[in-house]
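*Asks:*
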Amino acid sequence: MTHDPQAQLVAERPVPGQPRPYEFPQTFRTTLDNGLKVIVTPMPGRELVAASLALRAGAADEPAAEGGATVLAARGLTEGTEVRDAIELTEAAERLGASLHAESGWDATSVGVDVPESRLGPALELLAEVVRRPSFPEAEVERIRDERLTDLIQAKADPRRRADEAFIGTIYAASSPYHRPSGGTAETVSGLGSAQLRDVHARGASPRRAALVVAGDVRHDAVVALARSLFGDWSGTDATPAGPIDDTAATDARVVRVVHRPGAVQSEIRIGHRGLPRRTPDYHAVSVMSAILGGLFNSRLNMNLREEKGYTYGASAGFDLRRARGPFTARAAVNTEVTVAAIGEFLTELDRIRDEPVTDTELKAARDFLVGVFPLRFETPGPVAGSLGGLFIHDLPDDELDRYRDAVEAVTAADVQRVAREHIRPEAAAIVVVGDHDQFGTALDDAGVGDVEVVRDDVDPAAG
Amino acid sequence: MPVPVVQFSDERLPNGLRLIVAEDHLAPVAAVNVWYDVGSKHEVEGKTGFAHLFEHVMFQGSKHVGKAEHMALVQAAGGTLNGTTWLDRTNYFETVPSHQVELAIWLEADRMGSLLEALSQDNLDNQRDVVKNEKRWSYDNRPYGSWNEKLMGHLFPADHPYHHPTIGSMEDLDAASLDDVRAFFATYYAPNNAVLSVAGDVDRSQVRAWADRYFGPIAANPSIPPLGDLSLPALLGEERREVVEDNVPLPRIYFGFRAPAFGDHGLDALDLAGQLLTGGKGSRIHRRLVREERLAQDVAMFTLPFTGGASVSVGWATVRPGVDVDTVERAYLEELDRLGREAPSDDELARAKALTEADELGALARVEERADRLSMYATLFDDPGLINTMLARYLSVTKEQIRDAAAATYRADNRVVLTYVPKAADETGEAAA
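Chains as they are written, first to last, in this note's numbering: chain A, 136 to 599; chain B, 27 to 459.
If you want it as structure tokens, here you go:
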């Protein structure tokens with residue numbers, strides 16, 4: 136009735152074959168007279184082309200009182216231009232089979248389009264129109280602002296988003312933009328209108344801080360010619376360069392904060408502190424260390440909290456590397472009744488990665504993963520364009536990706552321990568939990584991880 | 027715009043394993059993908075959630091592989107991997123640098139051939155806890171998290187296996203024994219109940235040799251029990267309504283309709299309908315409810331394709347603060363009715379098709395997606411060639427067919443309306459537990 140469980144399976148593990156040599160695809164860089172960088176990566180056979188205009192202008196550059204203006208301005212870019220309203224714009228893109236999108240994060244704003252190669256020209260025309268001639272219509276801006284305000288109401292109800300927000304609010308000082316969500320808070324967003332969005336865009340949209348990145352089955356010279364015709368006469372405003380980003384930490388001591396959610400069946404845990412900038416010289420060692428601690432499926436955190444204890448569906452940790460020092464966060468959603476035990480395991484693992492060198496097996500697994508997965512990451516044009524845009528945004532050398540695998544291979548166990556000791560600081564780590572404090576409050580007090588502050592969210596009257 | 031044709035071989039090993047290989051040497055990567063013809067639709071009352079729990083057990087080791095070592099080996103090979111369970115199937119997949127394909131094939135064979143030799147009570151208990159946390163995380167502790175279970179519960183009768191969710195009931199999971207796991211494995215995890223697809227930078231005859239070497243020794247199960255008759259009436263026959271109090275700040279209305287089974291041309295038409303109703307700024311429902319009348323924060327409309335009797339068409343609208351829920355429901359349904367009366371314009375249809383075509387081009391550019399599609403079409407329709415004809419099917423849909431599919435599906439006597447409303451606050455100002 137059933138198949139034979141004693142089947143004579145092959146016991147020996149296959150050894151890998153000869154790797155096919157892989158290099159990051161050849162990339163051509165040109166600078167137009169107005170300063171615009173044009174970065175082109177031909178990828179033969181990749182018909183769906185990814186194009187994006189990356190601007191070195193992000194939410195971290197905006198004044199605190201206008202928190203959220205940059206993210207909202209990016210959304211506003213596709214809400215209408217001097218020649219087309221939002222619907223006409225969308226329909227024009229759709230007729231090309233193109234999706235036109237614009238978004239901002241902490242460090243950058245990007246306007247992108249994915250389009251079949253045969254229609255790249257008209258799609259880039261739309262992209263140029265959106266970047267160079269946005270109109271930020273009053274009524275549309277008011278609507279997208281209200282949508283963001285409504286989204287903030289929803290964020291408060293979602294334990295994951297509530298935990299992320301409470302965590303950054305805990306670890307960064309109020310003076311730092313990283314203290315708030317990149318999309319802003321209700322207080323800052325409610326004051327935004329067309330005028331501010333126009334200002335944000337005017338400050339950031341300049342060819343001198345922009346790169347047009349195109350990857351796919353394209354010819355380098357053809358893309359440069361297109362770029363020249365669409366952006367060659369773009370001058371933009373000569374805005375002053377953005378100053379340094381304030382990434383002041385709120386404190387250097389342990390803070391424990393619980394956002395009380397009666398009846399929650401899980402606790403969303405965030406543990407960490409201010410981390411590192413993207414341009415850290417320890418980038419490759421930190422990548423290996425993070426993979427071992429909380430990046431791989433078989434990371435220490437996931438093996439401990441999931442595969443041994445069964446506390447969670449998944450535990451992880453990592454650095455959000457920004458222009459300034461973004462957060463280091465360890466995270467999991469755990470069963471309410473094991474909340475305190477899980478926090479203990481997190482802290483144990485944060486200590487352990489500092490106190491003992493990683494094993495050769497762990498080191499090799501992490502390095503082999505990061506090196507081996509490299510060609511997988513760049514199978515299609517989207518991630519290729521995204522990574523090249525990232526290099527531009529962070530002002531990294533052109534050969535950064537070419538050097539990546541050798542640099543990872545060179546990381547030693549001593550390097551891993553050194554960067555763990557320097558960049559992971561359990562004593563300064565905030566512990567933020569969104570969960571049912573009634574169920575674990577006493578045990579948390581008894582655990583002695585720090586004085587506990589309990590936050591009770593008011594029920595928003597607008598929600599009732 | 028030409029979407030490249032996927033060339034593939036399609037053969038069977040003597041033990042019944044179907045092997046599909048699609049060579050493509052653009053990038054030095056390859057995908058290994060196994061579909062087992064078993065999903066939550068094969069579960070019986072009292073044993074729900076079993077197919078999914080079992081998927082977790084598949085990563086707990088086999089005769090020559092330790093607990094969680096499958097993950098470790100694939101990641102150390104520079105690969106990515108996962109497994110998923112759905113109503114009609116369970117799939118497992120690895121994407122690896124092409125010189126590591128043999129390892130992935132060996133790993134899949136070892137667990138198909140010898141999973142039970144590594145099965146232990148500890149591992150089962152551990153994964154049961156993990157799955158319970160998956161349920162809490164994905165459904166229980168998430169705003170509106172119960173919508174899928176509730177919609178499916180209304181759309182399919184209690185004796186139909188689509189009635190219960192893939193994650194299953196926690197009571198059933200608690201009751202699952204090692205013997206249950208053994209029986210499930212022995213019944214369904216056989217080579218003649220699986221499709222192995224390999225796509226990417228590989229040599230076809232080499233893959234066949236590896237498949238013979240590693241899967242060849244695994245015996246077929248000659249007596250896989252046939253699935254019962256899952257057919258059911260095309261229409262629900264009534265409107266079913268439920269109001270759900272939840273920890274949500276804004277009301278949201280979910281709409282569910284019984285729709286033609288996966289593979290029926292009528293479902294293709296509904297997929298395009300979803301695009302032109304809610305896919306982007308210019309789509310009908312988005313444009314009216316979100317942009318013009320500003321009644322809704324967001325809207326959606328899409329299909330969940332199933333082969334067993336009926337698929338599901340799902341829509342939702344999140345109600346903006348201060349807006350009357352009934353107004354939103356009325357406006358949403360008016361647009362569905364309108365599509366059922368008047369065919370869309372040529373331009374609307376052309377735009378929906380252009381986007382579908384570009385999506386297909388993007389999806390099939392990845393070896394992981396290509397391998398998964400080949401396994402899917404082979405498992406569900408015995409026709410992996412659908413990978414090259416599905417797009418043509420979408421592009422052949424006429425505007426009248428969209429109108430007719432909308433009229434046949436979006437009917438009052440074929441719909442479920444779930445309305446999520448914020449839980450009433452108690453006197454302390456906290457939401458009641």
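Cβ coordinates follow ideal geometry from the N, Cα and C atoms, glycine included.
1) Is the shortest distance between the beta-carbon of LYS172(A) and the beta-carbons of chain C less than 9 Å?
2) Helix, strand or coil for GLN33(B), going by three-state DSSP, please let me know.
3) Leaving aside the five residues before and after ALA542(A) along the sequence, list all residues of the same chain whose C-beta is less than 6 Å from its C-beta, in chain order.
4) On the criterion of 16 or more Cβ atoms from any shown chain inside 10 Å, does GLU81(B) qualify as buried, or is it exposed?
5) Quick check on the DSSP output: what are the complete beta strand (DSSP E) runs of length 3 or more inside the region 462 to 512 of chain A, in order along the chain?
6) For GLU403(A), does the three-state DSSP call read helix, strand or coil?
7) State the start and end residues of the unbroken alpha helix (DSSP H) segment that holds ALA431(B).
8) Work out the CA separation of PRO248(B) and GLY407(A) for me, nearest whole Å.
9) Quick one: what's ILE174(A) bridged to in DSSP?
10) Indicate the three-state DSSP secondary structure (helix, strand or coil) for PRO123(B) in the structure shown.
11) For THR285(A), which of LEU276(B), LEU79(B), PRO448(B) has the nearest alpha-carbon?
12) Please look up how many angstroms separate the CB atoms of THR305(A) and ALA385(A), rounded, as I've assumed it's under 8 Å.
13) Decide if ASP5(B) is buried, meaning its Cβ has at least 16 other Cβ atoms within 10 Å, or exposed.
14) With 9 Å as the threshold, decide whether the Cβ of GLN153(A) is near any Cβ in chain B.
15) For GLN331(A), which residues in chain B fall below 9 Å Cβ to Cβ?
16) Apply the 10 Å Cβ neighbour rule to LEU259(A) and answer buried if 16 or more other Cβ atoms are within range, or exposed otherwise.
17) Does the structure place the region 182 to 201 of chain A close enough to the region 521 to 539 of chain A that three or more beta carbon pairs sit under 8 Å?
18) Between which two residues does the alpha helix (DSSP H) carrying PRO257(A) extend?
19) Alpha carbon to alpha carbon, how far is HIS355(A) from GLN143(A)? Give it in angstroms, no decimals.
20) Going by CA-CA distance only, name the one from ALA322(B), ILE250(B), PHE332(B), ASN167(B) that's closest to ASP294(B).
21) Kindly indicate which three-state DSSP category THR329(B) falls into: helix, strand or coil?
22) Quick check on ALA241(A): does DSSP put it in helix, strand or coil?
23) Beta carbon of LEU365(A), beta carbon of ALA263(A): below 9 Å?
24) So, are the CB atoms of VAL32(B) and VAL122(B) less than 9 Å apart?
25) On the DSSP bridge list, what partners appear for LEU222(B)?
26) Could you tell me which whole alpha helix (DSSP H) segments of length 4 or greater appear in the region 76 to 143 of chain B?
27) So, are the CB atoms of ALA130(B) and PHE432(A) less than 9 Å apart?
28) On the DSSP bridge list, what partners appear for THR192(B)?
29) Using 9 Å as the threshold, is the C-beta distance between ALA426(A) and HIS336(A) below it?
30) Would you say SER234(A) faces chain B, with C-beta separation under 9 Å as the test?
31) Determine the extent of the alpha helix (DSSP H) in which PHE288(B) is found, giving its start and end residues.
32) Thinking just about the alpha-carbon of each residue, which of VAL351(B), VAL443(B), VAL393(B), LEU315(B) is nearest to the one in ARG278(A)?
33) Between TYR170(B) and VAL325(B), what straight-line distance do the alpha-carbon atoms span, to the nearest angstrom?
34) Whole angstroms is fine: what's the gap from PRO596(A)'s alpha carbon to TYR446(B)'s?
35) I want to verify the contact list: residues of chain A whose CB lies under 8 Å from the CB of THR415(B), in sequence order.
36) Measure from the alpha carbon of GLU214(A) to the alpha carbon of each residue in VAL390(A), VAL184(A), GLU273(A), THR165(A), then state which is nearest.
*Replies:* Reading off the structure:
1) Protein chains A and B are contained in the structure displayed, whereas chain C is not.
2) Here GLN33(B) sits in coil by DSSP.
3) HIS419
4) buried
5) 462 to 470
6) strand
7) 425 to 435
8) Taking the straight line joining both Cα atoms gives about 55 Å.
9) ARG164(A), VAL348(A)
10) Strand, per DSSP.
11) LEU276(B)
12) Contact between THR305(A) and ALA385(A) holds, since their C-beta atoms are separated by about 6 Å, short of 8 Å.
13) Residue 5(B) lies beyond the residue range present for chain B, which begins at 27 and ends at 459; the question has no answer from this structure.
14) yes
15) The contacting residues do not exist; GLN331(A) stays about 21 Å from chain B at best.
16) buried
17) yes
18) From DSSP, the alpha helix (DSSP H) with PRO257(A) extends over 255 to 267.
19) So the two alpha carbons sit approximately 55 Å from each other.
20) PHE332(B)
21) strand
22) According to the sequence shown, residue 241(A) is Trp rather than Ala. In the structure shown, TRP241(A) sits in coil (DSSP, three-state: anything other than H, G, I, E or B).
23) yes
24) no
25) LEU45(B), VAL60(B)
26) Within the region 76 to 143 of chain B, the complete alpha helix (DSSP H) runs of at least 4 residues are 76 to 83, 95 to 102, 127 to 140.
27) no
28) Beta-bridge pairing links THR192(B) to no other residue.
29) no
30) yes
31) Counting along the chain, PHE288(B) falls outside any alpha helix (DSSP H), and DSSP gives it neither H nor E.
32) LEU315(B)
33) Their backbone Cα atoms lie some 14 Å apart in a straight line.
34) Low confidence applies here, because PRO596(A) scores a pLDDT of 40, under 50, leaving its location unreliable and the question unanswered by this model.
35) What THR415(B) touches in chain A: nothing, since even the nearest Cβ is about 19 Å away.
36) GLU273(A)
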